[in-house]
Every structure is written in structure tokens, then in C-alpha cells.
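One structure below.
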């Protein structure tokens with residue numbers, strides 16, 4: 469897409485995959501679990517992956533939390549789950565009353581975003597790669613290759629940036645996505661398990677209970 473601008477702010481929130489964005493002060497990708505702010509009048513261009521899905525929120529005024537922050541942020545677990553709910557709502561007939569409530573809650577959640585941008589662009593790229601496909605078998609070696617680091621350097625830098633080991637972060641990201649799908653979609657548990665990298669539903673259920681403290685079926689009550 470050619471460079472263009474808008475007389476309003478935009479907040480881009482990927483639901484799946486990633487989007488490459490170029491604008492003044494930033495050139496890179498934004499993936500699920502992140503947001504990027506495009507300010508009013510800022511010239512920008514973007515290219516989305518074929519399988520990418522995202523929400524773009526047009527705003528006359530930015531929420532206070534985003535008005536004095538960096539361009540790109542990692543979003544909260546609550547907002548990440550709420551985006552799954554919004555994605556499901558977009559597949560159904562629009563109820564004007566519900567639509568208004570959805571927008572109001574999204575505005576409130578944007579007000580609460582105080583995430584951070586990673587200081588190491590190489591780790592940021594690896595994190596984006598994880599979220600592009602949570603069903604993939606991500607290893608330290610494969611992610612280190614994405615980040616152009618040795619496995620030893622990658623493990624050290626990843627833990628410094630994310631406060632988790634690679635495996636801990638991957639499990640956390642998968643279970644957060646699974647819980648959001650369980651709560652806000654009608655997908656069968658078997659399909660949700662597959663989408664977050666588990667071919668064995670029993671193994672998925674054990675891991676989900678270990679992380680969340682309750683079985684997957686609890687989220688469907």
C-alpha cells in the first residue's frame with residue numbers, strides 16, 4: 469500500500485499473524501499481543517501477511533495512556549482476551565446496543581495499556597514470530613535463528629527482555645490464547661488445542677489446568 473495519512477489517530481491491533489508498518493519514527497512489524505499507534509497526520513504504509521487479521525480503531529483523541537507513550541506496545545492479557553471476543557462478534561450480526569458497549573469497553577481497556585517496547589529489536593522479532601503461529605514447534609534454536617543470535621546469546625537476551633525463559637513464555641502465550649478462545653468462541657476444544665500446538669487434547673487439558681488452575685471446560689460455564 470502506498471504511503472498515506474489520516475486526519476485522525478489509529479490504533480492497530482493484530483488478532484493473528486503480523487503486519488509490516490513503516491512511518492516516521494518506526495519501521496518494523498506488529499503482531500498479535502501488541503498494538504501500534506499511528507498519530508493523526510503521520511505518513512505511513514503497511515503490508516499485512518496473507519493470513520493476518522487485525523482491528524484498526526479510528527480515534528479523534530487518543531486515550532491518555534497512549535498519548536504519551538512509544539509507538540508500539542505489548543498489550544495486557546485482559547485486552548488480548550477481549551480482542552478474541554471482538555473477533556467473534558464481528559462474525560455475527562451487529563447489534564447496535566452491543567456494538568456501542570463493545571466500543572466503550574475497548575476504549576477503557578486502551579486507557580489501561582502501559583506496556584513496554586522491547587529494547588532489543590532481535591528479541592522483538594522472535595516474539596513476533598512466536599505469535600505469528602502459536603501452533604508451530606518453536607525451539608530455542610529456531611527462534612535464535614530468527615533473531616540472528618547464537619542459542620546461548622538468545623536464551624540470555626530473551627530472559628532479560630521478557631522475564632521468562634523461551635519455553636515459559638511460549639506456554640504462557642499459548643494458554644492465554646486458548647483461554648480467550650474457550651471463553652469467547654464456539655470452537656471445539658480439540659480445534660483450540662490444535663491452534664495452540666497440541667495434537668493430544670489430554671496433554672492440552674493437563675497443561676491448561678497446570679497453568680490456569682482449572683480445566684478447559686470451566687471456561688465454557
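Numbering (my numbering), first residue to last: 469 to 689.
Glycine included, each C-beta is placed from N, C-alpha and C at the ideal position.
None of these values were measured; they are calculated from a predicted model.
(1) DSSP three-state label for residue 502, please.
(2) Which value, in whole angstroms, describes the spacing of the CA atoms of residue 557 and residue 650?
(3) With a Cβ-Cβ cutoff of 8 Å, do residue 543 and residue 503 count as a contact?
(4) Spatial neighbours of residue 619 within its chain, please: C-beta separation below 7 Å, excluding the five flanking residues on both sides.
(5) To which residues of the same chain is residue 476 closer than 8 Å at the C-beta, ignoring the five residues directly before and after it?
(6) In three-state terms, what does DSSP make of residue 565?
(7) Just tell me which of 566, 491, 629 has its CA closest to the CA of residue 511.
(8) Between which residues of its own chain and residue 474 is the CB-CB distance below 7 Å, once the five residues before and five after are set aside?
(9) Buried or exposed: where does residue 515 fall if 16 or more other Cβ atoms within 10 Å of its Cβ makes it buried?
(10) Out of 567, 629, 532, point me to the one whose CA is closest to residue 589's CA.
(11) Would residue 565 be called buried (16 or more neighbouring beta carbons within 10 Å of its own) or exposed?
(12) Measure from the alpha carbon of residue 592 to the alpha carbon of each residue in 640, 486, 470, then state which is nearest.
Taking the geometry as given:
(1) Counting from one through the chain shown, the residue named residue 502 turns up at place 34. Shown here, residue 502 sits in a strand according to DSSP, grouped into three states.
(2) Residue numbering aside, residue 557 sits at position 89 when the chain shown is read from its first letter. Residue numbering aside, residue 650 sits at position 182 when the chain shown is read from its first letter. Using only the alpha carbons, I get a separation of about 14 Å.
(3) On the chain shown, residue 543 is found 75 positions in, with the first residue counted as 1. On the chain shown, residue 503 is found 35 positions in, with the first residue counted as 1. With a cutoff of 8 Å on beta-carbon distance, residue 543 and residue 503 are scored as near each other.
(4) On the chain shown, position 151 is the one that residue 619 refers to. Counting only residues of its own chain and dropping the five nearest sequence neighbours on each side, residue 619 has a CB closer than 7 Å to the CB of 608, 609, 612.
(5) Within the chain shown, the letter at position 8 stands for residue 476. Within the same chain, 508, 526, 527, 528 come within 8 Å of residue 476 by CB-CB distance, once the 5 residues on both sides are set aside.
(6) Counted from its first residue, the chain shown places residue 565 at position 97. Correct three-state label for residue 565: helix.
(7) Locating residue 511 in the chain shown gives position 43, counting from the first residue. Here the closest residue by C-alpha is 491.
(8) Position 6 of the chain shown, counting from 1, holds the residue named residue 474. For residue 474, where only same-chain residues beyond five positions count, the Cβ hits under 7 Å are 508.
(9) Here residue 515 refers to the residue found at position 47 of the chain shown. Around the beta carbon of residue 515, fewer than 16 other beta carbons lie within 10 angstroms, which makes this residue exposed.
(10) The sequence position of residue 589 within the chain shown is 121, counting from 1. Ranking 567, 629, 532 by Cα distance to residue 589 puts 629 first.
(11) Position 97 of the chain shown, counting from 1, holds the residue named residue 565. Exposed.
(12) By 1-based counting over the chain shown, the position of residue 592 is 124. Of the candidates 640, 486, 470, the one whose C-alpha sits nearest the C-alpha of residue 592 is 486.
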